[in-house]
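With our numbering applied, the sequence shown corresponds to residues 1 to 369, in that order.
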Amino acid sequence: MLAYIIRRLLLIVPTLLGIMIINFIVIQAAPGGPVEQLISQITGEGAAATERVTRAGTGEIVQPGGGRTVSEGAPSKYRGAQGLDPEFIAEIERMYGFDKPAHERFFQMLRNYVAFDFGESFFRDQRVVDLVIDKMPVSISLGLWTTLIVYVISIPLGIMKAVRDGSRFDIWTSGVVIVGNAVPSFLFAVLLIVLFAGGSYLNLFPLRWLVSENWWELSWPARIGDYFWHMTLPIFAMVIGGFATLTMLTKNSFLEQIGQQYVVTARAKGLNERRVLYGHVFRNAMLIVIAGFPSAFVSILFTGALLIEVIFSLDGLGLLGFEAALNRDYPVMFASLYFFSLLGLIMNLVGDITYTLVDPRITFEALDR
């Protein structure tokens with residue numbers, strides 16, 4: 001088992017390297033990089049421009065205008081750069097590191113990432129690590145509580161649907177599950193706002209932020225209550241749209257195992273239904289559910305909450321990554337991709353190890369030889 005874990009950890013290195021190479025090539029090939037983004041801001045302000053560019057490493061200020069222009073027909077590899085001094089464009093390239101070839105930028109990025117140096121945001125004037133740490137509590141709160149509640153609801157519900165397959169309970173709950181799966185989470189979020197957050201009816205829950213502004217002044221019990229008060233509607237919106245798939249997966253997995261020969265044998269030995277269900281069927285049926293846990297957790301944690309964060313004004317990692325993609329904030333984009341990919345690979349390994357905890361009959365000893 002230990003040899004298998006070590007081998008999987010070593011395999012993370014080339015896998016992560018391949019992911020970063022592909023992402024780097026795709027992002028570099030996309031139009032509208034950070035240089036063009038800044039040029040568009042400068043040229044969009046015209047003669048009244050107040051945008052100022054700080055020279056990297058010197059602190060000297062360069063301001064557009066002031067005679068630093070060339071003729072309108074001057075060629076440039078950047079869209080919208082006609083009329084700007086080539087030296088000024090070159091200064092922007094140096095500021096963003098685009099004065100170096102792409103392969104040099106990539107290897108420099110890898111060297112920095114090995115030392116956990118993710119650089120500074122192009123447009124937020126903050127270190128990427130500080131940005132991620134600042135946004136992490138929101139995403140962890142949404143992902144952790146949503147995943148926990150979804151599993152707590154879906155697994156028992158799926159088991160009951162399997163045991164009562166074809167009954168009125170199964171048909172009624174299937175209708176609820178289908179509706180929950182068909183309606184996006186953000187529509188449930190809008191409905192909850194209209195009903196409970198001062199939209200048109202009740203005003204029971206807050207609409208912004210993870211905690212109240214005076215959170216630090218509250219006692220610990222009041223802090224906990226305030227936190228859950230703010231998180232109730234976002235989590236509820238995500239749970240409604242997230243439990244359907246896992247419920248049906250649990251039900252189908254149990255139905256498949258209930259029809260196996262070992263279940264018939266266990267019943268023939270006189271074991272009661274509860275002992276058969278939870279002593280024999282549960283371990284085998286839960287394997288496929290556990291297999292989907294890492295991807296479900298990562299999906300909910302970093303991608304599923306994007307629109308929920310926007311709707312409820314929760315400034316988390318999903319919103320940070322989305323804004324970075326729009327602004328071509330490469331340090332934030334690459335750091336987010338690196339972090340998400342690394343976490344996904346580790347969670348897949350955790351899922352494999354969890355297999356052995358659920359069913360001791362599963363072993364990796366054959367792979368260790």
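We put the CB at the ideal spot given by N, CA and C, even for glycine. If you're wondering where the values come from, they're calculated on a predicted model, not measured in any experiment.
If you draw a straight line from the Cα of S313 to the Cα of A189, it is about 12 Å long. Taking Y262 as the centre and dropping the five residues before and after it, the same chain places the C-beta of H280 closer than 7 Å to its C-beta, in chain order. The criterion of a C-beta distance shorter than 8 Å is not satisfied by F254 and A296. Counting along the chain, H280 sits inside no alpha helix (DSSP H), nor does DSSP assign it H or E at all. Cβ neighbours of Y96 within its own chain (closer than 7 Å, five residues either side excluded): P34, V35, F122. Where P14 is concerned, the enclosing alpha helix (DSSP H) starts and stops at 2 to 29.
Collapsing the DSSP output to three states places R328 in coil. Closest by C-alpha distance to Y151, out of M248, W229, I193, K100, is M248. Beta-bridge annotation (DSSP): N214 is not paired with any residue.
The three-state reading of DSSP puts N272 in coil, since its state is none of H, G, I, E or B. Secondary structure of A162 (DSSP, three-state): helix. Between the alpha carbons of V176 and R94 lies a gap of roughly 57 Å. Sequence-distant Cβ neighbours of F98 in its own chain, meaning closer than 7 Å and more than five residues away, are V35. In terms of Cα proximity to Y201, the closest of M238, I193, L207 is I193. Bridge pairing for R127: E120 [DSSP]. In this structure, the straight-line span from the alpha carbon of A325 to that of L131 is close to 15 Å. Sorting A162, V129, M231, T173 by C-alpha distance to the C-alpha of R208 places M231 at the top.
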